[in-house]
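Numbering (the numbering used here), first residue to last: 4 to 267.
Everything on this sheet refers to the single structure shown next.
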Ligand SMILES: [Zn+2]
């Protein structure tokens, strides 16, 4: 019976380890895609800053062409001033000169503002590129780590599967079937009885069941259906109730019996 308990407990440890490893292994790709997403976001930011710089450049080219046109227009009107004959004509031309000059001035101010935007976008681009570089390095490291861990997990899982295949034939078929059925439903198939409780569901066990368990029997929890066992090694050394020694009654107090030493 003790051997059966041992095998079932070992099998449960192996199964729980397999479940945990499988879950951890499934989480690995998301670690990689998170690093990939961070890099993509930084790349998009760099591309956006770069495109903004191009737009500012194009804007200034257009503004410079317009400024030149306005200045040339103003110069043309000034030469016409020499040949006007009426003051009304002169006033009209003066008005045109003023308008062209004001437009050129306004565009020059706009160009200056564009240069300032370029400066701040250039700083943004430099920061984004530095971030891209560092995140690309981080992604590469994550990729290496994930690959390594995938290999480790795979090797560990293979060794656990070998343990599992070695253990299962050693276990009585009926118990194994019961274990499999409960484990599939509850995650674990066997539970230790501790402090007169099932450690699987925390429900109390009846005193009679508790006594049978302590005698080494395998039972079933009434509440959760898990196979229940008692582990003498894990329990605090049970204190045998001391016989009510009457001081000076003339007989030596009995030696405490070793648990299980009287061979059941
Ligand atoms: Zn239970």
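Each residue gets a CB set at the ideal place from its N, CA and C atoms; glycine is no exception.
From a predicted model like this one, the values you see are computed outputs, not experimental measurements.
Under the three-state DSSP convention, the category residue i falls into
| i | result |
| --- | --- |
| residue 230 | strand |
| residue 194 | strand |
| residue 17 | helix |
| residue 53 | helix |
| residue 150 | helix |
| residue 33 | helix |
| residue 241 | Bear in mind that a pLDDT of 47 at residue 241, under 50, signals an unreliable position, so the model cannot answer this. |
| residue 88 | coil |
For residue i: DSSP bridge partner residues
| i | result |
| --- | --- |
| residue 222 | 231 |
| residue 200 | 197 and 207 |
Element boundaries [beta strand (DSSP E), containing residue i]
| i | result |
| --- | --- |
| residue 173 | Here residue 173 belongs to no beta strand (DSSP E), and DSSP marks it neither H nor E. |
Outcome for residue i when other beta-carbon atoms lying within 10 angstroms are tallied against a minimum of 16
| i | result |
| --- | --- |
| residue 22 | exposed |
| residue 38 | buried |
| residue 119 | exposed |
| residue 131 | buried |
| residue 57 | exposed |
| residue 199 | exposed |
| residue 124 | buried |
| residue 115 | exposed |
Spatial neighbours of residue i in its chain, beta-carbon cut-off 8 Å, leaving aside the 5 residues before and after
| i | result |
| --- | --- |
| residue 183 | 192 |
| residue 76 | 99 and 103 |
| residue 216 | 196, 208, 222, 231, 232 and 233 |
Same chain, Cβ closer than 7 Å to residue i, five either side skipped, listed in chain order
| i | result |
| --- | --- |
| residue 12 | 193 |
| residue 70 | 107, 110 and 111 |
| residue 145 | 34, 35 and 38 |
Cβ shell of residue i (< 6 Å), same chain only, five flanking positions each side left out
| i | result |
| --- | --- |
| residue 67 | none |
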